[in-house]
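Asker: Quick one: this structure, given as structure tokens, is what I'll be asking you about.
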DNA sequence: TTATGATATGCTCATATCGAGCATAAGGAT
DNA sequence: ATCCTTATGCTCGATATGAGCATATCATAA
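Protein chains in written order, with this note's numbering: chain A, 14 to 311; chain B, 14 to 311.
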């Protein structure tokens with residue numbers, strides 16, 4: 014069951030996310046062209062410990078909550094021998110970082126312009142022709158396009174960010190596809206690339222985060238100690254890439270019982286907003302309130 | 014960014030699931046004491062290919078749909094040097110297997126008796142005292158217990174299978190905890206163990222499967238070509254470990270548009286049931302219909 | 001042949017949830 | 001004082017969900 018195996022190389026890759034000024038940002042190296050990454054060493058007690066060590070050494074940025082994303086091993090893209098990439102998502106606050114060198118925070122929509130639909134909704138117009146030409150009359154492809162990009166009457170689903178990226182890759186509409194030797198189809202979609210498969214890993218992180226936040230906006234790692242409801246709404250909108258109905262968002266927050274008032278108010282234009290903080294019980298444990306009741310009772 | 018790394022050993026572990034006679038079963042080795050597993054070799058083109066190769070060689074069972082679960086690397090549990098375990102979930106049909114030796118299908122509730130609530134609902138009664146004594150007056154622990162096991166008014170949530178297992182592990186109520194040198198707390202919970210951390214991996218698979226099926230019962234890999242709605246309901250109930258309201262289940266299925274009638278009927282006691290099959294569009298692509306519309310429109 | 005039990009299938013109903021909009025409150029700026 | 005801006009509370013209709021009633025259609029036993 015555990016015979017002789019070939020030695021392999023394992024790489025840890027981190028997607029460190031912060032939200033500042035209604036912009037979701039990701040920590041990058043080399044002026045925004047790669048994610049923090051490094052080999053797993055035997056000195057590391059665990060995968061998470063190795064990741065923390067790596068990222069802190071590379072960026073000087075301490076990590077808070079860390080969560081595993083996915084493990085890749087594409088033989089085609091690695092160097093000699095086999096290489097495994099284990100990717101992680103970390104939620105953080107930009108203010109904690111002391112950056113230097115080529116370490117920087119980048120707006121993640123720089124790499125995925127079509128994922129930001131807060132102001133304009135016609136972003137897919139720039140990529141739709143390329144997709145259509147790739148699909149032709151193939152019904153499966155057409156259905157995938159409609160589902161992923163909310164065309165032909167299908168609703169836009171924010172958490173499909175990874176599916177959208179993979180569809181563009183398959184259709185030869187991102188530079189990574191050409192780099193990997195796949196046929197290109199017309200113009201590339203807008204947006205910058207990242208080293209190796211880092212853009213795919215970032216797409217995985219966005220999808221995961223969006224799927225989690227839709228149900229439960231418990232993002233205290235991304236928020237300051239005290240904040241107004243609108244601050245929190247802007248953070249959620251930044252990650253989801255979609256505007257949120259303000260009153261319904263308030264209702265959602267109240268029903269979840271995630272916050273408590275601090276008693277203070279924020280001043281600015283308009284009526285002062287109550288300041289809130291996350292309940293300590295929420296911080297203690299990342300999962301207290303249930304999402305849904307069961308289907309049937311006896 | 015990719016300096017010299019220590020060579021490591023990677024192990025692929027498979028949870029192969031089938032449902033027969035309203036019983037969810039998992040493919041095991043050594044008379045039900047381990048999951049199929051084996052080292053990743055450089056001959057494998059990809060992780061999935063390696064897994065397929067391994068499982069087919071060990072069990073003679075070809076794999077259908079395969080999906081990654083989680084990557085573990087607990088330094089404490091491995092042999093000399095570092096070892097990584099990459100676990101996968103595969104959905105299958107028991108009939109396809111030609112078993113031999115110590116390869117067998119096991120009812121997965123053999124390892125998690127408290128997860129089957131189709132007949133009795135008081136299973137946690139056998140483990141509640143141990144949990145309570147472990148929690149004492151600690152509010153965080155008490156809240157976790159209530160949430161995970163549906164106590165103190167909290168609803169039972171089937172997809173928390175992994176959380177429940179990990180809670181029992183932390184509380185020292187499963188044998189694996191004692192095996193790992195953690196303090197035991199009272200009697201162990203009922204249920205058989207598996208080798209290494211295979212029971213944790215199985216719990217991960219159950220959670221993942223339950224979370225997916227709750228929204229979309231597209232389990233054609235687990236069903237025969239043609240089946241009645243009750244057959245499908247029994248399959249879903251087997252996996253979820255909970256009874257389902259029959260009429261509402263039918264309504265759900267209809268609204269999803271997953272099935273089409275074959276025109277045939279099943280005979281037996283009672284009124285003959287229409288036989289259905291999954292739409293080919295669903296088989297073609299594992300995600301066609303959206304789950305929910307977005308939160309707000311412009 | 002009729003009665004009975006079993007399963008299939010259709011319909012109703014109360015409640016919860018969700019998207020969307022209206023109305024009012026409370027500050028600053030002109 | 002007027003207007004603009006943001007905060008906050010409430011309503012309303014559409015839809016989803018949990019639960020139950022009623023009827024249809026078979027096999028089998030009396």
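Built from N, CA and C at the ideal position, the CB exists for glycine as well.
Can the beta-carbon of residue 146(A) be found closer than 8 Å to that of residue 185(A)?
Answerer: Cβ atoms of residue 146(A) and residue 185(A): not closer than 8 Å.
Asker: Below 8 Å CB to CB, which residues in the same chain sit around residue 93(A) once its five sequence neighbours on both sides are set aside?
Answerer: Note on residue 93(A): pLDDT 43, under 50, position unreliable in the model; the coordinate value appears next. Within the same chain, residue 93(A) has no close Cβ partners at all.
Asker: Ignoring anything shorter than 4 residues or poking outside the region 160-232 of chain A, list the alpha helix (DSSP H) runs there in chain order.
Answerer: With a minimum length of 4 residues, the continuous alpha helix (DSSP H) runs that stay inside the region 160-232 of chain A are 174-183, 188-192 and 211-228.
Asker: Just the chain B side, please: which residues come within less than 9 Å of residue 220(A) by C-beta, in chain order?
Answerer: Near residue 220(A) there are no residues of chain B at all, since even the closest Cβ is about 12 Å away, more than 9 Å.
Asker: Could you pull out every residue in the same chain whose Cβ sits closer than 8 Å to the Cβ of residue 97(A), ignoring the five residues on either side in sequence?
Answerer: Answer for residue 97(A): 21, 22, 23, 24, 84, 85 and 86, listed in chain order.
Asker: Label residue 166(B) either buried or exposed according to how many other C-beta atoms from any shown protein chain fall within 10 Å of its C-beta, with 16 as the threshold for buried.
Answerer: That one is exposed.
Asker: Just the Cα atoms here: how many angstroms apart are residue 33(A) and residue 245(A)?
Answerer: If you take the alpha carbons of residue 33(A) and residue 245(A), they lie about 11 Å apart.
Asker: When you compare the CB positions of residue 39(B) and residue 119(B), do they come within less than 8 Å of one another, or not?
Answerer: Cβ atoms of residue 39(B) and residue 119(B): closer than 8 Å.
Asker: Does any residue of chain A have a CB that is nearer than 8 Å to the CB of residue 174(B)?
Answerer: Answer no: the Cβ-Cβ gap between residue 174(B) and chain A never drops below 8 Å.
Asker: Taking Cβ positions only, does residue 297(A) come closer than 8 Å to chain B?
Answerer: Yes, because at least one Cβ of chain B sits closer than 8 Å to the Cβ of residue 297(A).
Asker: Under 8 Å, Cβ to Cβ, is there at least one residue of chain B near residue 144(A)?
Answerer: So no, residue 144(A) is outside the interface.
Asker: Name the DSSP beta bridge partners of residue 290(B), please?
Answerer: According to DSSP, which records beta bridges pairwise, residue 290(B) is partnered with 273(B).
Asker: State buried or exposed for residue 189(B), treating a residue as buried only when at least 16 other CB atoms are found within 10 Å of its CB.
Answerer: Classification for residue 189(B): buried.
Asker: Please look up how many angstroms separate the CB atoms of residue 68(A) and residue 60(A), rounded, as I've assumed it's under 8 Å.
Answerer: With a Cβ gap of about 13 Å, residue 68(A) and residue 60(A) do not count as contacting.
Asker: Excluding five sequence neighbours on each side, which residues of the same chain lie with their C-beta closer than 7 Å to the C-beta of residue 136(B)?
Answerer: The residues are 126, 127 and 130.
Asker: Is the beta carbon of residue 140(B) sitting closer than 8 Å to the one on residue 202(B)?
Answerer: Result yes, Cβ atoms of residue 140(B) and residue 202(B) sit closer than 8 Å.
Asker: Can you tell me where the beta strand (DSSP E) with residue 140(A) in it begins and where it stops?
Answerer: No beta strand (DSSP E) contains residue 140(A), which DSSP labels as neither H nor E.
Asker: Quick check: the Cα distance between residue 215(B) and residue 282(A), rounded to an integer number of angstroms?
Answerer: About 55 Å.
Asker: DSSP beta-bridge partners for residue 28(A)?
Answerer: Residue 28(A) pairs with 102(A).
Asker: From 285(A), 194(A), 162(A) and 161(A), pick the residue whose C-alpha is nearest to that of residue 241(A); which is it?
Answerer: Measuring from the Cα of residue 241(A), the nearest candidate turns out to be 285(A).
Asker: Under a CB-based cut-off of 8 Å, is residue 81(A) close to chain B?
Answerer: Interface residue, yes.
Asker: If we ignore side chains and look at the alpha-carbon of each, how far apart do residue 91(A) and residue 267(B) end up?
Answerer: Confidence is the limiting factor: at residue 91(A) the pLDDT is only 42, short of 50, which leaves the residue's position unreliable, though a coordinate-based value still follows. So the two alpha carbons sit approximately 46 Å from each other.
Asker: Counting only beta-carbon atoms, is residue 215(A) nearer than 8 Å to chain B?
Answerer: So, not an interface residue.
Asker: Since I believe residue 291(B) is in contact with residue 233(B) (beta carbons under 8 Å), could you give me their beta-carbon distance rounded to a whole number of angstroms?
Answerer: Indeed, because the Cβ distance is near 4 Å, the residues count as touching under 8 Å.
Asker: For the alpha helix (DSSP H) containing residue 72(B), name the first residue and the last one.
Answerer: Note, residue 72(B): alpha helix (DSSP H), 60-72.
Asker: Could you name the residues that DSSP lists as bridge partners for residue 79(B)?
Answerer: BP columns for residue 79(B) point to 103(B).
Asker: Counting contacts by CB-CB distance shorter than 8 Å, is residue 59(A) in contact with chain B?
Answerer: Yes, contact with chain B.
Asker: Which of helix, strand or coil does DSSP assign to residue 38(B)?
Answerer: Note: residue 38(B) maps to strand in three-state DSSP.
Asker: Please identify, using Cβ separations under 9 Å, the residues of the region 21-48 of chain B that lie next to chain A, in order along the chain.
Answerer: Against chain A - using a Cβ distance shorter than 9 Å - the residues of the region 21-48 of chain B are 21, 22, 23, 24, 42, 43 and 47.
Asker: Which same chain residues end up closer than 8 Å to residue 53(A) when comparing Cβ atoms and leaving out the 5 residues on each side of it in sequence?
Answerer: Within the same chain, residue 53(A) has close Cβ partners 23, 24, 25, 60, 63 and 99.
Asker: What number of angstroms, rounded off, separates the C-alpha of residue 222(A) from the C-alpha of residue 161(A)?
Answerer: Distance between the alpha carbons of residue 222(A) and residue 161(A): 17 Å.
Asker: Do residue 207(A) and residue 102(A) have their C-beta atoms closer together than 8 Å?
Answerer: Cβ distance not < 8 Å, so residue 207(A) and residue 102(A) don't count as in contact.
Asker: From residue 73(A) to residue 250(B), what does the alpha carbon distance come to, in whole angstroms?
Answerer: Going from the Cα of residue 73(A) to the Cα of residue 250(B) covers about 50 Å.
Asker: In terms of alpha-carbon separation, which member of 227(A), 124(A), 43(A) and 70(A) lies closest to residue 115(A)?
Answerer: Of the listed residues, the one whose Cα sits closest to residue 115(A) is 43(A).
Asker: Work out the CA separation of residue 79(B) and residue 123(B) for me, nearest whole Å.
Answerer: Distance between the alpha carbons of residue 123(B) and residue 79(B) is about 23 Å.
Asker: Taking residue 172(B) and residue 224(B) to be in contact with their CB atoms under 8 Å, please state how far apart those CB atoms are, rounded to whole angstroms.
Answerer: The pair is a contact, with the Cβ atoms about 4 Å apart (cut-off 8 Å).
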